[in-house]
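Protein chains in written order, with full-length UniProt numbering: chain A, 1 to 286; chain B, 1 to 807.
In what follows, a single structure is set out as structure tokens and then discussed.
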């Protein structure tokens, strides 16, 4: 469990980082390393060069505006977890980040790195999807914005190619009259979820449900947002049939089975967690 | 004996060192050593057609590559069958490096030595082995069906048919008022110590001697194995177990291929060589345990008293049988637990599969036996509509029945005769501790919270402290330091503390003056090893006897000096004094100096023992005939047979009927290991064991697929529980001292793990009303069980449903 040989570079600027990514064949970006280093040690990945971006300035900020939360590429999960301003604008960030592994991993791992890694068992890919977020990608040709639904292609696979560095992720603010919640079932505390669910519920001005949306963890190959509004739209929030929304969710997902959970069990959990999180999210709407 | 420290919760003296990173584990040794890495089989069953090392030869830093062809003499022979047994009719062991065939994923084929481990792995990765794949046998049922064979010349895949019986079981069953039969399964788990295995070897060419450090539970026996396999004189080999980061049984197996190959390479290359096992290697190439299929038929009367018990077990022993049939024997003999079984027959068929070898893992067959017996008790209670505790109580061996002879033969070849115990006492304490009588109230409370609650219990008896022997050496130095050594090894159990307590108490010295060394063949050459909950019983008693020998000699010498009768002397705080005569005393360190008559003085203390220091008795030699210089004594303890510890556990589980998540909300333990050297250490052992028991019941399993690939060979997917999964454990103690050994001890190392699976299965069954016949069980499996039309409802659940109390 020792990595294959690789070259290591630690650029001091974004330009230098992009230059390295452009010139070094088979280069891979190293940020928090919480997913990449185990892959290297198991020799499941053997990039020729690691471009360590930890010394690149300007990537470690959480910028909060009324529109949303921009998270820099070097922001650790733990930093985001404890960012009160971010939590006010988009409460889902704190709720989801609290479910990311254990403190030691949250202290080191980055939110953007987790998104760029595109693991469907990771929390933050689905959070990006559910909030309708996007990532900012720097390339030698310039900076572009990639919306979440154009980013994720498959498990551990994004649409990014060539020399590209995700410099930040943007999570839009929680809309008005909306509530959000996040929950997971994991075999051990801090494990990858057997199933996780994040939801957003939005009410109209008469406190009837106008929309209910959900995204799931460890369900499906890429993050998806499911619109559950049909089951509950128009219902007064106190009487909304969250169980019906859970039932609807079960019909929309297509989970896989593995040694920890059958596909059927994951489908069961999708229903249960949907119902629970919707009720919680609705209960939190002022 | 002074009892100041014996039985006290002395804080573990090794902890400060171990938990502040000052331990010296295998990989802390030999930073300049060459590193070994292995090419291991990716196939569960294959013939090796070709090994092409050519592509690896240009890897910078490569030093040597070894295949089976490079092995010579005894090293080229199969590894030893460590514990032969007449019923092990078809034993098989692997070779240090595969000889033409591999029988499980992970079997070593090529050893690469390079200047560091990274480079060794680079080279190993480039070696091309060509295989011809063979059909694969995974699991007891496939082994039993024998559609394919693991070893071609063993057509039924059966290594051994272990058989014991205490009477004629068939007529006893035929005449029983009631009988019931069932089949159940238990899965594989493993020791998974925090530190994997590891070996470091250094050959001194000038001295023609070999020093080997290995993360083992049996350094003296590894030494003998290395000497035999490498054809070295025993005195040219020293083996040291440094700090060992956990063993739990896997490190009692020896010699591991690496324990022979690393020294072989060190000698051949004339350089230090080291191998530190990584986690993946540990999962796929060390050892597992526990998979069995159990078929039970029991006869019983209207009160639930067992009249006859017939058990047929298929035990998955993996690809080879280096540790013999110890685990099957222990299952067969410990299954009967604390119960009087009038007629008992057991057959354990130990079968080959194309998976990692099965050797003792903490509990070593007992968790399976306990699972069979305790689930039988649950079924009898369910069939008769009786309280599960009551059925157990009616079958218990009574306190006046000791010594109790089960008429079985134990793993040490000795009779299973229980030395002492009070099983009704255990059960009474357990009922109180867990609140057995309040279960229905708790169930109703949980139901109001939308949870299913269940309670289960399991009792066990554990044969501990098997022979043949252990030794101890105690020596008082002129400085007052007391050196203690035993050949038995330590893996973090707190031996340094417990053994020091024994010596401090026996000898009357401050514990701070006592230094304990374990597992170092330079200090003590005769030992068996640390397994089977035997360290305190075996080495503890041997060390106590050695300390008593030192004490006797110290009193004799001091009596001369003080002109007193030895019987009038006592030793307190390191000073020998005449009882009741203040001032008439001599420090033990001075006695140590005087015990060794000197010609040469090198410090003030030594002057006292030189030839002109004082008037001597010219009529006697300085060292009396039959005496020896020095204040030291070596002694051995060899028991007539094992001593039997016991205990009773109960678990309360709560289940979320929407997600089928299972929480153990309370875990209660009543524990009896005879006299206790250090209750804090015993409780720690119980806590750790309970955690492993819960792991085995709810989280851990070795998930092999049909092709023999282990799908969860990492701690990400092998779910060893975290502290967050383990509830607080409440413990009550009972002490029935063993009459077999001087200190009255019974072993405590494995106890905590034994009843976990049985108690938790019972609790889940109680909570859900569905029969649990396969363990471990996970939420996804429980969900399947609950909606399966084939799952069986318990009679208790049906009765509850009828009376309006929901299941």
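Quick reminder that beta carbons are idealized off the backbone N, C-alpha and C, glycines included.
Local Cβ density within 10 Å of residue i, reported as buried at 16 or more and exposed below that
i                      : result
residue 5 of chain A   : exposed
residue 367 of chain B : buried
residue 272 of chain B : buried
residue 89 of chain B  : exposed
residue 620 of chain B : exposed
residue 796 of chain B : buried
residue 716 of chain B : exposed
residue 102 of chain A : exposed
residue 117 of chain A : buried
residue 553 of chain B : buried
residue 174 of chain A : buried
residue 53 of chain A  : buried
residue 807 of chain B : Model confidence at residue 807 of chain B stands at a pLDDT of 42, short of 50, so the residue's coordinates are unreliable and nothing is read from them.
residue 808 of chain B : Nothing about residue 808 of chain B can be reported from this structure: the residues present for chain B run from 1 to 807 only.
residue 757 of chain B : buried
residue 255 of chain B : buried
residue 546 of chain B : buried
residue 413 of chain B : exposed
Beta carbon of residue i nearer than 8 Å to that of residue j
i                      : j                      : result
residue 218 of chain B : residue 529 of chain B : yes
residue 743 of chain B : residue 498 of chain B : no
residue 126 of chain A : residue 223 of chain A : yes
residue 353 of chain B : residue 160 of chain B : no
residue 458 of chain B : residue 215 of chain B : no
residue 249 of chain B : residue 355 of chain B : no
residue 199 of chain B : residue 275 of chain B : yes
residue 148 of chain B : residue 137 of chain B : yes
residue 320 of chain B : residue 106 of chain B : no
residue 102 of chain B : residue 127 of chain B : no
residue 18 of chain B  : residue 243 of chain B : yes
residue 38 of chain B  : residue 124 of chain B : yes
residue 532 of chain B : residue 332 of chain B : no
residue 335 of chain A : residue 97 of chain A  : Any answer about residue 335 of chain A is impossible in this case: the structure gives chain A only from 1 up to 286.
residue 112 of chain A : residue 166 of chain A : yes
Residue i versus the options, residue with shortest Cα-Cα distance
i                      : options                    : result
residue 406 of chain B : B/432, B/434, B/338, B/431 : B/338
residue 122 of chain B : A/40, A/271, A/33, A/30    : A/40
residue 647 of chain B : B/254, B/633, B/668        : B/668
residue 25 of chain B  : B/379, B/392, B/193        : B/193
residue 330 of chain B : B/307, B/351, B/732, B/369 : B/369
residue 489 of chain B : B/722, B/446, B/240        : B/240
residue 82 of chain B  : B/224, B/21, B/784, B/699  : B/224
residue 521 of chain B : B/153, B/238, B/681        : B/238
residue 43 of chain B  : B/76, B/9, B/610, B/129    : B/129
residue 376 of chain B : B/295, B/342, B/427        : B/295
residue 830 of chain B : B/280, B/150, B/203, B/674 : Residue 830 of chain B lies beyond the residue range present for chain B, which begins at 1 and ends at 807; the question has no answer from this structure.
residue 449 of chain B : B/493, B/658, B/570, B/157 : B/658
Beta-ladder partner(s) of residue i, from DSSP
i                      : result
residue 111 of chain B : B/38, B/66
residue 687 of chain B : None; residue 687 of chain B has no bridge partner.
residue 172 of chain A : A/68
residue 350 of chain B : B/160, B/315
residue 195 of chain A : A/185
residue 294 of chain B : B/184, B/313
residue 808 of chain B : Chain B is shown only over 1 to 807; residue 808 of chain B falls outside these bounds and no answer can be derived.
residue 275 of chain B : B/199
residue 733 of chain B : B/671
Every unbroken beta strand (DSSP E) within the region 63-131 of chain A, with a cutoff of 3 residues, ordered by chain: 68-72
Beta strand (DSSP E) runs wholly inside the region 225-285 of chain A, at least 3 long, in chain order: 225-227
Beta strand (DSSP E) runs wholly inside the region 152-233 of chain B, at least 3 long, in chain order: 158-165, 178-186, 198-204, 209-214
3 or more residues per run - each beta strand (DSSP E) lying fully within the region 608-663 of chain B: 631-637, 643-655
Residue ranges of each beta strand (DSSP E) within the region 1-26 of chain A, 3 or longer: 7-9
Whole runs of the alpha helix (DSSP H) within the UniProt region "Disordered" (787-807) of chain B, excluding any shorter than 4 residues: 795-802
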